[in-house]
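Here the structure is laid out as structure tokens; the discussion comes afterwards.
Below you can see the structure in the form of structure tokens.
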């Protein structure tokens, strides 16, 4: 395709959404993102999509689907690379606006642009490598008795248009140009995003980058749309639209569950990938505590308070055996939490929810508050919190497992390692589970591993879960309620698989077969031939 | 493991279910399978599982899970091979009883034993090959700036205990020892089967084979249980049990949907793989009709009436352009259907449903009945049926797409190829879609292919969908309502994937890592290292 490379997208923030490539100013209720530090409404105002806007975006996505999924994977790779390029070019504007809208530090947001572009480029590489096609060929056996075997070939095809809901805590990496959008586009699925109301300007800028890349690379009209609206209206209509074939979501458990159940009740049910809540247990083993209690306390509070605690992988639960070494850890961690100056959270609503969630835990008679940080004087202030409870009390009250979305953590003091295992057994599904060990802990840690593995999408030793590498082996997912579908990841190259399904082709003439399955393997991809893996 | 090889299982039919390896006579209501030819109740009587029986089976499955999933894949392969061995040894008893209980011909049932044992052996091979582990390794990059990269490895782990519901139409291949059981056991998931009430004795025999194989190969108690009961009671309790982590089901749309929604409403939602209904459209292209109308009619009616039409892949819809060649096809097909002597269906209930479903179609004013076969004088008689409708009428009435589970097919007469495409576009999700072509049809067939691919799990040229190969490339699944989850197949080696989920391991010492991920690759399996596929 010899489409000329267009100009870089404008970094204007005009208060528009995009129905396909067309900028549209909604006519519904007005909405403005707010500076979470001041509570001040940011210009421009946006307006909700009308029901007709939502329908048009879905129809365009459906109309684009066949052309888009038929593009050569290298073309889609080029599309993703051009999105990365335009985002990188717009770094200053994106960071400036996202900083205003989220209060997240500039350095963190610069890093997030890099993470987002890196993720897009990873999917581009993945598209070219080609294992994602899941190509399998069982050649015909015309002489087999009693019945000849037909030629059967199989590949994965995209599900169809995908609805993506942007997350508040990653205005880029889990929002408009984030992992769900990148993996859906990689798979060949057009994407309709509902922007998160907390960062509408950032969303508009990101959409401009995506649409410019679509124009650069000749992608069909409708391959991407951006909608502005609310969850119960716009969001619900989007998930209910018969053209939408899958949903990606990052947010609260209540909203994720509502989406999942709405999708199951559709006349044509569809998969929902909702990442919802996780307390990310951290087990401090006795040897680790004996050797480095203060260092662990330091690292723990660093991870806990990072980004005002607004990471889905925030260490919200610490489990350890009581005793002098744990006291050393606790004293040091409490001192650091107590000295924490607090932070501005993403929105006043999130700050309010955090106060309520933390209050529900600290208000329980069995919970001891060990330390509270300062509460800064901003409109969305968040205060660090460390509390403690015994292993017996923790196992007796499922409410103590509820996520406090912010810089709060609960220390579970156990009698012994057997009770540590009981606490782990009592846990709901998690995104991550961490174990800190010394050499002397390895035998005990080995016994914990299968318990943790059943309850989490990622198990870490001697690290902190708040760092999520974007690579081939990463799993960011986990059993319910961490997500609605533990069979998938929202981060890393295998995320492309969530938007694919298998199709078999029987006795189809070579010239009509999809390229990944043709005899001469024109894409040069890995395939399983009669069960044996061959490298392209 | 040096467990001695036990005696072959008894082929006694004692009227028991099995809670783990323990034979249990239920104490609930009595139930007997019936000879569908005579309606006569077959001895022995069975009794429903009590709620406590169901709970015990689930608890044993949960208790077995960690030991079972920790077995070396070669051990599980040996387990599957021994199941195949014991089934093969019991062929005569299985076929004799299944023939009594289902009325299916002896030769068909002999073939089904072979298919079932072949399927078990395919999963054994798949387990040893090892791609199913989904092993990926992103090695540490300690010198990366600004942050070192940790070592991250990923594999797939089994979901947990699986509930399987036996199907009426394949008393072996989709029932107690069928694909769902085989793929779940291959994945490392203990299985609790609810026997289909229409073939309780066959179910008991198959369970004996599985339990003997478990004993032969030292598998943990609880790896398999067989329950007898009804859907609303026993089945619902099984799907609601918190230990059950996934469900495999083959049956009606109503029952499949109820299961899916019950699973979504659980406090901990779980995936349901329900294969439900499909009319398996067959497009006869003009060139094919011009060249071989009578041969196509012959083959079509053969496929239609095979097994009394009780295949999920039965050709229930034929789509073609009207004209002289189609008339030739229709005349020949109607003559063959009219001459069909009918068949005994699986149960009186299925025969009744079939009459009702066919009656709902033929009772419509726009439907023309072309031929009816004979109605034999048995208790569960099924009569072949061929009816016709215009393309316009078909597209106007979604009810015409409802599956008639039996030897009934609807011919859709289209004005032209454009209307053929419209009819295809109007179709719901299907297990299969077939196109019959001559050389002259290929350009038009190419245009149909993307339409069919979006609506079916398998697309065939110049064959009949009732043959389902059990291989590596087979897909037996498809978009809703063919199944509740198009991302999966219930036949073929990739069925193992439906019972797996990914877990990432970060910075875990080599000695504690699961074997598939250890540095020296002790299983010798294919792995992706830093994104590059390596062959073990």
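Protein chains in written order, with our numbering: chain V, 3 to 538; chain E, 3 to 538. Ideal placement from N, C-alpha and C gives every residue a C-beta, glycine not left out.
Check                                                                                                                                                                                        : Outcome
In chain E, which residues lie with their C-beta within 9 angstroms of the C-beta of residue 426/V?                                                                                          : Neighbours of residue 426/V on chain E: none; closest Cβ ~13 angstroms, over 9 angstroms.
For the region 203-264 of chain E, which segments carrying the alpha helix (DSSP H) assignment without a break, of at least 4 residues, lie completely within its bounds, in sequence order? : 238-242
With DSSP collapsed to three states, give me the class of residue 324/E.                                                                                                                     : coil
Which complete beta strand (DSSP E) runs does the region 322-374 of chain V hold, if anything under 3 residues is left out?                                                                  : 370-374
Based on the DSSP secondary-structure assignment, which residues constitute the bridge partners of residue 49/E?                                                                             : 32/E
Which same chain residues, not among the five before or five after residue 336/E, have their C-beta less than 8 angstroms away from its C-beta?                                              : 372, 373, 388
Can you tell which of 84/V, 162/V, 216/V has its C-alpha closest to the C-alpha of residue 20/V?                                                                                             : 216/V
Would you call the region 146-160 of chain E and the region 505-521 of chain E in contact, with 3 or more CB pairs under 8 angstroms?                                                        : yes
Would you mind working out which of 307/V, 356/V, 435/V, 253/V sits nearest residue 462/V, comparing C-alpha positions?                                                                      : 435/V
Identify whether residue 154/E lies in helix, strand or coil by the three-state DSSP scheme.                                                                                                 : strand
Please name the residue, chosen from 103/V, 87/V, 517/V, 362/V, that lies closest to residue 15/V on a Cα-to-Cα basis.                                                                       : 103/V
Just verifying my parser: in three-state terms, what is the DSSP assignment at residue 166/E?                                                                                                : strand
Tell me residue 458/E's beta-bridge partners as DSSP assigns them.                                                                                                                           : 432/E
Quick check on the DSSP output: the beta strand (DSSP E) that includes residue 472/E runs from which residue to which?                                                                       : Here residue 472/E belongs to no beta strand (DSSP E), and DSSP marks it neither H nor E.
Quick check: what's the CA-CA separation for residue 128/V versus residue 187/V?                                                                                                             : 12 angstroms
Taking all protein chains shown into account, do 16 or more other C-beta atoms lie within 10 angstroms of the C-beta of residue 227/V, making it buried, or fewer, making it exposed?        : buried
How about residue 455/V: is its C-beta nearer than 9 angstroms to some C-beta of chain E?                                                                                                    : yes
I'd like the ranges of any alpha helix (DSSP H) spanning at least 4 consecutive residues and lying wholly in the region 101-148 of chain E.                                                  : 108-131
Taking contact to mean at least 3 C-beta pairs separated by less than 8 angstroms, is the region 72-83 of chain V in contact with the region 128-148 of chain V?                             : yes
Give the straight-line distance between the Cα atoms of residue 254/E and residue 385/E, rounded to the nearest whole angstrom.                                                              : 20 angstroms
Determine whether the Cβ of residue 326/E lies closer than 9 angstroms to any Cβ atom of chain V.                                                                                            : no
On the three-pair Cβ rule with 8 angstroms, is the region 269-278 of chain V touching the region 420-431 of chain V?                                                                         : no
Which residues, in order along the region 53-81 of chain V, keep a beta-carbon less than 7 angstroms from a beta-carbon of chain E?                                                          : 68
What residues from chain V crowd round residue 154/E, counting only those whose CB sits closer than 7 angstroms?                                                                             : 471, 473, 475, 476
Are at least three pairs of beta-carbons, each pair with one atom in the region 28-42 of chain E and one in the region 222-236 of chain E, less than 8 angstroms apart?                      : yes
From 375/V, 330/V, 309/V, 320/V, pick the residue whose C-alpha is nearest to that of residue 403/V; which is it?                                                                            : 320/V
Cutting at 7 angstroms between CB atoms, please list the residues of its own chain near residue 244/E, excluding the five before and the five after it.                                      : 270
Does the pairing of the region 301-320 of chain E with the region 461-477 of chain E give three or more beta-carbon distances under 8 angstroms?                                             : yes
Could you name the residues that DSSP lists as bridge partners for residue 463/E?                                                                                                            : 437/E
Quick one: list the residues of chain V neighbouring residue 463/E, beta-carbon separation under 9 angstroms, in chain order.                                                                : 507, 508, 509, 510, 511, 514
Can you have a look at residue 148/E and say buried or exposed, based on whether 16 or more other CB atoms are within 10 angstroms of its CB?                                                : exposed
Using 9 angstroms as the limit for Cβ to Cβ distance, is residue 305/E near chain V?                                                                                                         : no
By a C-beta neighbour count over all protein chains shown, 10 Å radius and 16 as the cutoff for buried, is residue 108/E buried or exposed?                                                  : exposed
If we cut at 9 angstroms on Cβ distances, does residue 490/E have a partner in chain V?                                                                                                      : yes
Measuring alpha carbon to alpha carbon, tell me which of 358/V, 397/V, 349/V, 344/V ends up nearest residue 379/V.                                                                           : 344/V
Please report whether the beta-carbon of residue 468/E lies at a distance below 9 angstroms from any beta-carbon of chain V.                                                                 : no
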